[in-house]
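One structure is given here, and the rest of the page talks about it.
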């Protein structure tokens, strides 16, 4: 494998990690502040992707498609929180899992009813098509590089929101002692709705960005949701910094594993067998990484002890 190809795969892993961060950031906020296991978070990712495809089809604007994805996912998230999730905060985690799993089925069937069973496609805007030359003569997709930039910008924005603003102060306080901030006059119900809508909007944005790389179809959010849970376990529940670190680790591990392991096995066996075995082992690497992190730091890299 050449050095240029390795650098390209590192960038691909970073892009994948940034996409996972957008999913995991909302998930870790919801779980950290509300203590809620939300299996339907992947459905909000799907809602964002379908909303983006629909808005892009109506307007021809990719920027409006991104805005539409966030608005649609945030509205769907707020509606779900007000009608269903709000009744689950005092229930145990099993009830939360069952209820949010039912939401997955509802979202999937509603999306299939509205958009049909066939995949939709979201085109990369003309200004972001093609490649850009990076230092060292590396040719890399301009759109994927834009995803990396957007993800990092969102990470900085979330950090500033949580650490420097009044709403961020309330979110941090709600994570540590929700009864106390309720006693101080903060409307905890409104805070929960805002946090849930924010997490949903980030998931919707992630779905819209990925929708221009792969097809937009029913059920596309569930595989990403599993990886997002791995990310927050590795990074530490409730930590935005941990979500970013965990997402990048998972993205790089998965991408480089799928690239390098077939090459390693290909040095002493047939190419077809090496590809099969390498791909199988690569899919296990992120779970091995998670187990290794939890072995030495059970709360995750940036989780609270």
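In full-length UniProt numbering, the protein residues as written are 1 to 305. Where a beta carbon is used, it is the ideal one built from N, C-alpha and C, also for glycine. Just so you know, these numbers come straight off a predicted model, no measurement behind them.
Among the options, the one whose alpha carbon lies nearest that of residue i
i           : options              : result
residue 16  : 288, 238, 33 and 143 : 143
residue 207 : 114, 42 and 246      : 42
residue 200 : 70, 64 and 7         : 70
residue 152 : 238, 77, 196 and 202 : 202
residue 6   : 293, 261 and 297     : 261
residue 103 : 118, 81 and 297      : 81
residue 55  : 46, 48, 65 and 47    : 65
residue 257 : 246, 275 and 241     : 275
residue 148 : 32, 139, 79 and 248  : 248
residue 96  : 31, 298, 121 and 12  : 31
residue 124 : 205, 132, 50 and 209 : 209
residue 111 : 250, 219, 211 and 87 : 219
residue 118 : 222, 245 and 50      : 50
Sheet register partners of residue i (DSSP bridge)
i           : result
residue 167 : Note: residue 167 sits in no beta bridge, so no partner.
residue 140 : 132
residue 216 : 120
Exposure label - residue i; buried when at least 16 CB within 10 Å
i           : result
residue 287 : exposed
residue 91  : exposed
residue 19  : buried
residue 306 : Since the displayed the chain opens at 1 and closes at 305, residue 306 lies outside it and no answer follows.
residue 254 : buried
residue 215 : exposed
residue 136 : exposed
residue 163 : exposed
Distance between residue j and residue i (C-alpha atoms, nearest Å)
i           : j           : result
residue 243 : residue 300 : 10 Å
residue 233 : residue 284 : 16 Å
residue 171 : residue 277 : 45 Å
residue 160 : residue 77  : 23 Å
residue 196 : residue 2   : 44 Å
residue 63  : residue 52  : 9 Å
residue 130 : residue 141 : 6 Å
residue 225 : residue 291 : 18 Å
residue 146 : residue 217 : 23 Å
Residue range of the beta strand (DSSP E) that includes residue i
i           : result
residue 134 : 131-134
Any non-hydrogen atom of the ligand COA closer than 6 Å to residue i Cβ
i          : result
residue 65 : This structure lacks the ligand COA, and indeed carries no ligand of any kind.
Alpha helix (DSSP H) segment containing residue i, residue limits
i           : result
residue 3   : 3-34
residue 40  : Where residue 40 is concerned, there is no enclosing alpha helix (DSSP H), given that its DSSP letter is neither H nor E.
residue 105 : 93-115
residue 125 : Looking at the DSSP string, residue 125 is not in any alpha helix (DSSP H), and its letter there is neither H nor E.
residue 192 : 188-211
residue 298 : Per DSSP, residue 298 belongs to no alpha helix (DSSP H) and is neither H nor E.
residue 63  : 62-83
residue 302 : Looking at the DSSP string, residue 302 is not in any alpha helix (DSSP H), and its letter there is neither H nor E.
residue 90  : Careful: residue 90 lies outside any alpha helix (DSSP H) and carries neither H nor E.
residue 234 : 221-235
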